[in-house]
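Protein chains: 4
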Amino acid sequence: MELLKVEEKSSRRQDEILQAVKQALTEGDYSQLTVEDIAARAGVGKSTIYRWWKHKSELVLDTFKQHTASVFELNAEESLRTNLIQQLSLLAQALNHPVGRALLVVIADHRELTSEFFQQYLLPRRQQTHELLQQAIQRGEIRADYPFDLMLDSLYGPIHYQIIFFNRLPDEVYIQKLVDLVLAPVLVSF
Amino acid sequence: MELLKVEEKSSRRQDEILQAVKQALTEGDYSQLTVEDIAARAGVGKSTIYRWWKHKSELVLDTFKQHTASVFELNAEESLRTNLIQQLSLLAQALNHPVGRALLVVIADHRELTSEFFQQYLLPRRQQTHELLQQAIQRGEIRADYPFDLMLDSLYGPIHYQIIFFNRLPDEVYIQKLVDLVLAPVLVSF
Amino acid sequence: MELLKVEEKSSRRQDEILQAVKQALTEGDYSQLTVEDIAARAGVGKSTIYRWWKHKSELVLDTFKQHTASVFELNAEESLRTNLIQQLSLLAQALNHPVGRALLVVIADHRELTSEFFQQYLLPRRQQTHELLQQAIQRGEIRADYPFDLMLDSLYGPIHYQIIFFNRLPDEVYIQKLVDLVLAPVLVSF
Amino acid sequence: MELLKVEEKSSRRQDEILQAVKQALTEGDYSQLTVEDIAARAGVGKSTIYRWWKHKSELVLDTFKQHTASVFELNAEESLRTNLIQQLSLLAQALNHPVGRALLVVIADHRELTSEFFQQYLLPRRQQTHELLQQAIQRGEIRADYPFDLMLDSLYGPIHYQIIFFNRLPDEVYIQKLVDLVLAPVLVSF
DNA sequence: TCATAATCGAGACGGTACGTCCCGTCTTCCT
DNA sequence: AGGAAGACGGGACGTACCGTCTCGATTATGA
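Residue numbers (our numbering), protein chains in the order written: chain U, 36 to 225; chain P, 36 to 225; chain A, 36 to 225; chain B, 36 to 225.
This is how it looks when you write it as structure tokens:
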């Protein structure tokens, strides 16, 4: 019981730390993020932070996970197109948020974290979308034979591309057009 | 002739410095890149580096430009598809090269450099590809009415996406499939 | 007791750093003194030094203070003459020591430190000597009416002068003669 | 003839450089003095400066010499006291001038220059004053048997002492009192 | 009168130390 | 006993100047 309490307590504290990271990133980008500042914001000693995270970069990763945790439920009742548009919009917003920006730096700078990020974040998301596609296939919305992996890259890729290299958050219109373009060849039409 | 000499920004010494950056990046990634190490490799004082580049990040940008300068000529005699495949392959290799990796970090970390990179590197490349498309249209290879910007993102985006988030250099097969997928709706067929 | 501990500004580590400064100055003069070298000698990071001292110059000042801390007690049982000779000899030695030499550079180079040095070092010393004079007056050794400030300058001045401009440590004989010369008009004789 | 002309010209240029040093020192102290700034003020290339002076410190020495060249003639018709007061006042002003301040730094910082300064500047001055004393002896103004070297130190020393350590230009009153104090035991009175 | 040489400004260069920043670890001292 | 506070070793940063060295433009000379 007491152990649980301790765990809970530290879990709450961890949340506070991640919140502090998010707040700090809202006020300045990754290069201005310092562990000391985070500690001060969270009312915590630096050692407490390093007890749970080996490096600053991991902190950012977890902050991003926490930040995007609630997002990304699928809506089984809507069409594939609607779901995709919603997914990509949320993704774009998440990536364009200061926390997402910081994540991009971390991913680029620490290649050893890429696989962790892939396993824990990207893969689940892709599988989710895969399910979406399966359902659409079963509903007869789209063709069953198609290079879906490539299709997903064609959806996700441009979003990241726009944010990273054009420094621009793709708007709803862009995303709709993108989805329509990519979806066109695969839709069952008659 | 003399005017040309004035115009070309890169003296021999600056070239040597960029070479030193490339070499250093080949031996370790961006986070291990040190201006002092670069200076030592180039047999140059630190001040010489800072005389020409304000920040380490700009050094990396110029190194990337130099590294990819010779690349990317179009081949007017080949088909659009062949040209695209070749372009994307070269791009993928450039980005996956240590220098490209470093560039990604810099772009992610210094958003103020994004527009410079866009202007000086991405935009010319896009215009080049646009010409390619124009030629293909005139040759009747592809349709004239199409959202080509979006199409370019669909080509470039996935390449970057694979490299950044999957930490993987897209192989020839991937690129061919990608090009075919994206090109399919726009090809004039009968 | 604990208050005392708090009050004493010099932790063990700070002492080690000052020792390292002294050692470094023994091996080379001020212009060769490097903070990095000091740090290395003290087995300390550069930041530790800059945490406690704003500038290299202040380090030297404190080193001089530490170096001359134990010195300069008066000997109430001896005659004024004996005390003065002893004081000036010690002063001369302190100034001629590498640490003293460095101090002279710092004082000359950083006029803003002069007043600090005056307050914390020269003034106490002068007051001490003033007491000495008061005692001598009360003992009837010397006259009570005399421009003692000027007298002190006539004692201290030549010592510094010899060291700075003649690059020469005044010997015992010089000091005795100086004291006798300056003291002559003020001694009570009959 | 032509050689002379060349020599003259360069001599004029050297003067301009020394003037530039003086001007620069008037606007900021020695630590802010840079050779590049001097060169710019003098409208001269850095190499021209280094052609005639090995180091920045020597430049300052020569500037001081030039600055005080015209000063310090003795006035044989006046009393010893008057002459001494005038001498010391001029000395004090010269030392307190930015150029003098810079000189003090250089002397303190480059002990190898001390002897040069001694030979070329201090010694002549002392000999001059010695003559003054000789004349006073012959006129019967002062006693013939006296430690004159020590006496000179008692005059020069306090002046330097006040300027260096009290950061204060001794005023006329101070100097008069000093001279009177030091002169008292040596004056022939009846 | 024009080519050739000497001079000198401008400033690039290798180098060195500075003082700052912040990492990730370790210590202290309070609660 | 645990944790906030923050000292610590370390190491890269970007800056400032030093004293040396190239490079052209500008004279000055001599054929």
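Ideal Cβ placement from N, Cα and C applies to all residues, glycine included. On a predicted model such as this, the values are computed, not experimentally measured, just so you know.
With 16 other Cβ atoms within 10 Å as the buried cut-off, status of residue i
i      : result
B/K81  : exposed
B/D188 : buried
P/P133 : buried
P/V223 : exposed
U/Q169 : exposed
U/H145 : buried
P/D206 : exposed
U/T61  : exposed
P/G63  : exposed
U/D184 : exposed
A/R136 : buried
P/D97  : buried
A/P193 : buried
U/Q162 : exposed
P/V56  : buried
B/H165 : exposed
P/Q122 : buried
A/A219 : exposed
B/V217 : buried
U/L127 : Going by the sequence as given, residue 127 of chain U is Ala instead of Leu. By the 10 Å Cβ count, U/A127 comes out buried.
U/K89  : exposed
Within-7 Å CB hit, residue i to chain U
i      : result
P/K212 : yes
P/R47  : no
C-beta neighbour in chain A for residue i, strict 7 Å
i      : result
B/V221 : no
Interface partners of residue i on chain U, CB under 8 Å
i      : result
P/N131 : None at all; the shortest Cβ gap to chain U is about 11 Å.
Amino acids of chain B, ordered along the chain, whose beta-carbon sits closer than 9 Å to that of residue i
i      : result
A/V140 : V140, A143, D144
A/F153 : F200, F201, N202
Minimum Cβ-Cβ distance from residue i to chain P less than 7 Å
i      : result
U/L123 : no
Cutoff 7 Å: residue i Cβ touching any chain B Cβ
i      : result
A/S66  : yes
A/E207 : no
Contact list for residue i against chain P, beta-carbon separation under 8 Å
i      : result
U/M150 : The identity of residue 150 of chain U in the sequence shown is Ser, whereas the question assumes Met. Neighbours of U/S150 on chain P, chain order: N202.
Partner residues on chain A for residue i, Cβ-Cβ distance less than 9 Å
i     : result
B/I52 : By Cβ distance, chain A contributes nothing, its closest Cβ being about 23 Å from B/I52, past 9 Å.
Contact set between residue i and chain A, taken where Cβ atoms lie within less than 7 Å
i      : result
B/V264 : This structure cannot speak to residue 264 of chain B, because chain B is shown only from 36 to 225.
Contacts of residue i in chain A (Cβ-Cβ under 8 Å)
i      : result
B/V217 : S189
Problem set entry | Residues of the region 156-177 of chain A whose Cβ lies closer than 7 Å to any Cβ of chain B, in chain order | L157
Exercise. In chain order, what residues of the region 183-196 of chain B put their CB closer than 7 Å to some CB of chain A?
Worked result: L185, D188, S189, Y191, G192, P193, H195, Y196
For this session: Kindly provide the ranges of any beta strand (DSSP E) runs that are 3 or more residues long and lie completely inside the region 183-209 of chain P, ordered along the chain.
Result: none
Problem set entry | Uninterrupted alpha helix (DSSP H) stretches inside the region 74-125 of chain U (no shorter than 4 residues) | 81-87, 91-102
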